[in-house]
Every structure is written in C-alpha cells, then in structure tokens.
Amino acid sequence: MMLSLVKISSRYLAAFALFTGVAVAQPNNNLLPASFEEHLKAAQRGHAESQVLVGLAYQVNYLGVEQDFKKATRWFRLAANQGHALAQRLLAQSYLHGLGVEQNLDNAKERFKAAAEQGESKAQFMLASIYSDLEGYEQERKAPEEVYKWLSRSAEQGYLPAFSKLASLYEQGLGVDANPSAARDWYKRSCEKGVYKSCALYKRLETELNPQIGQATGTESKD
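Using our numbering, the first residue of the sequence shown is number 297, and each one after it goes up by one.
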C-alpha cells in the first residue's frame with residue numbers, strides 16, 4: 297500500500313519528516329486508513345515501501361507499536377537490500393548513530409553513498425558532510441571536490457541545509473572555482489527560505505559585488 301493511501305496523524309507526519317527529511321501532506325480523509333498489521337503483512341510479502349513504513353513505526357513509536365530500534369533497523373535493511381533509496385539512508389543513519397545496531401561508520405558511509413547515488417537529497421548532504429566536517433570521518437577530509445559534488449546535487453534538489461554550505465564553497469573556492477555571484481545567489485535562496493544567518497551573508501556579498509548599493513545605503517543613512 298502506497299504512503300498516499302495511509303491516513304496519518306500530524307504527530308506521525310512530524311516524526312516522518314524528522315527521520316526521513318520528506319514532508320508528507322495529510323491524505324484525503326475519505327481514504328481508508330491502513331493499520332500497522334496491514335503494512336506488516338505487505339512488508340512480510342516483500343513490499344519495500346511498507347517495510348520502510350513498518351521500520352518507521354518502530355523507530356518513532358507509532359500506530360500502537362512499542363519503540364524498537366532493532367526491529368526498525370531490520371526492516372530498513374530489508375528494504376535497502378531491494379534498492380529502496382530512503383531505506384538506504386535510514387539504515388545509514390542507524391549505523392551512524394548506533395540505533396538498533398552496533399555503530400559502524402564504514403557501513404554508514406556505504407549506505408549513504410548508495411542512497412546518494414540514487415538521488416536521495418538528504419543522503420547526498422550527509423555524504424558531503426562525511427567528506428567535510430562530520431565527526432568520526434576525519435580521514436575523509438582530503439576530498440573537497442566530493443564535498444562540492446554532493447552538496448551541489450543536494451542543493452539543486454531543494455534540500456535547504458545544503459544551500460548555505462554550497463554558497464560557502466563557491467565563496468571560498470573549495471572543490472570548485474571561486475564564484476562570488478553563485479555564492480550570493482545560494483545565500484539568497486537560503487535567506488528566502490528563512491535561514492536568517494544567510495541573509496546577512498547575502499547582503500554582504502551583494503554589496504561587495506555591487507558597490508553602488510552600499511554607497512546608496514550609506515547616502516540614505518546620512519540623510
């Protein structure tokens with residue numbers, strides 16, 4: 297059963313967004329809700345999306361299911377082994393944080409990369425973080441081109457946390473030729489999404505690239 301056919305509470309939607317990075321709209325109330333048992337039966341038949349949903353139910357303690365990280369990770373792994381991109385990333389997070397499985401940074405990286413290569417935007421961001429500043433991956437720091445590669449892919453898909461980080465790469469010329477205009481544009485996009493720190497960075501670059509703006513502002517201030 298597809299996610300769009302499941303009647304989901306606002307609490308679950310928030311939890312789903314937290315763990316998956318995917319915002320899901322509340323389905324039409326006329327649609328029949330699917331019980332955990334229905335999803336479990338589908339998952340046991342090998343339906344990858346139901347396996348992810350069952351895993352999330354165990355992960356976030358939903359649908360009357362007692363929280364169990366081991367069971368959650370088991371279902372994520374079954375779906376991931378079928379090539380389900382979101383499951384790959386959720387399994388990577390389990391390995392990264394040691395949720396229901398022994399922490400294994402190598403396995404986390406492998407699963408993040410698998411999901412990233414399938415176009416999963418948060419996995420792309422996490423893979424870029426592995427190559428830049430994620431704790432435990434200090435040996436990966438010599439790959440600025442990889443940081444740019446995955447951040448740019450994540451940002452182009454609209455994953456907000458990637459916007460300002462990509463802007464910083466363009467501003468500093470890390471992994472890519474320095475491009476103040478591109479940096480300004482990504483800071484602007486981040487600012488427009490409500491990241492206020494990016495607003496100050498955008499305004500600074502806009503002034504540097506267009507000195508007349510700063511001069512006009514200074515004139516207005518004197519007036």
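Glycine is no exception: its CB is placed at the ideal position from the N, C-alpha and C atoms.
Computed from a predicted model, the values in this text were never measured in an experiment.
Outcome for residue i when other beta-carbon atoms lying within 10 angstroms are tallied against a minimum of 16
i: Leu505; result: exposed
i: Glu416; result: buried
i: Ala319; result: Because Ala319 sits at a pLDDT of 45, beneath the cut-off of 50, its placement in the model cannot be relied upon, and the point is left open.
i: Lys405; result: buried
i: Arg437; result: exposed
i: Ala383; result: buried
i: Ala411; result: buried
i: Asp519; result: Note that Asp519 scores 49 on pLDDT, short of 50, meaning its location in the model is unreliable; the coordinates nonetheless yield the value given after this. Classification for Asp519: exposed.
i: Ala388; result: buried
i: Gln355; result: buried
i: Ala368; result: buried
Sequence-distant residues of the same chain with beta carbon closer than 6 Å to residue i, five excluded per side
i: Gln322; result: Bear in mind that a pLDDT of 39 at Gln322, under 50, signals an unreliable position, so the model cannot answer this.
i: Arg485; result: Phe459
i: Ser494; result: Ser460, Tyr483, Ser486, Cys487
i: Leu386; result: Phe372
i: Ala463; result: Ala479, Trp482, Tyr483
i: Ala521; result: Past the boundaries of the shown model lies residue 521; the chain is included only from 297 to 519, so the question cannot be answered.
Selection from the options that minimises the alpha carbon distance to residue i
i: Val397; options: Arg370, Ala439, Leu430, Glu488; result: Arg370
i: Ser331; options: Ala344, Arg341, Ala353, His343; result: Ala353
i: Phe520; options: Gln347, Gly360, Val356, Gly394; result: Outside the displayed span of the chain (297 to 519) sits residue 520, for which this structure offers no information.
i: Glu293; options: Gln378, Leu386, Ala478, Ser390; result: Only positions 297 to 519 of the chain appear in this structure, which leaves residue 293 out of reach.
i: Gly342; options: Leu374, Ala368, Tyr358, Glu334; result: Leu374
i: Glu431; options: Leu392, Ala411, Lys367; result: Leu392
i: Trp446; options: Gln435, Lys461, Val356; result: Lys461
i: Leu401; options: Glu413, Glu434, Asp473; result: Glu434
i: Lys418; options: Asn357, Asn377, Ala381; result: Ala381
i: Gly360; options: Gln340, Gln378, Glu333, Ala496; result: Glu333
i: Glu413; options: Leu497, Gln399, Gly379, Lys489; result: Gly379
Cut-off 7 Å between Cβ atoms - residues of its own chain near residue i, not counting five sequence neighbours on either side
i: Pro440; result: Leu470, Gly471
i: Leu336; result: Val350
i: Arg449; result: Gln420
i: Pro507; result: none
i: Lys366; result: Gly396
CB-CB length for residue i against residue j, believed under 8 Å
i: Phe421; j: Pro457; result: 6 Å
8 Å CB neighbourhood of residue i in its chain, flanking five on each side removed
i: Pro476; result: Tyr466, Glu467, Leu501, Glu504, Leu505
i: Lys443; result: Checking the sequence, you will find Val at residue 443 rather than Lys. The answer, listed in chain order, is Ala424, Tyr427, Ser428, Leu465, Leu470, Gly471.
i: Gln399; result: Tyr391, Leu392, His393
i: Val491; result: Leu456, Phe459, Ser460
i: Lys499; result: none
Unbroken alpha helix (DSSP H) run spanning residue i, endpoints
i: Tyr541; result: Because residue 541 is not part of the residues shown, which for the chain are 297 to 519, the question remains open.
i: Asp429; result: Unbroken run through Asp429: none, as it is neither H nor E.
i: Val443; result: 440 to 452
i: Ser331; result: Per DSSP, Ser331 belongs to no alpha helix (DSSP H) and is neither H nor E.
i: Lys489; result: Looking at the DSSP string, Lys489 is not in any alpha helix (DSSP H), and its letter there is neither H nor E.
i: Leu401; result: 401 to 413
i: His393; result: 381 to 393
i: Glu467; result: 457 to 468
i: Ala368; result: 365 to 376
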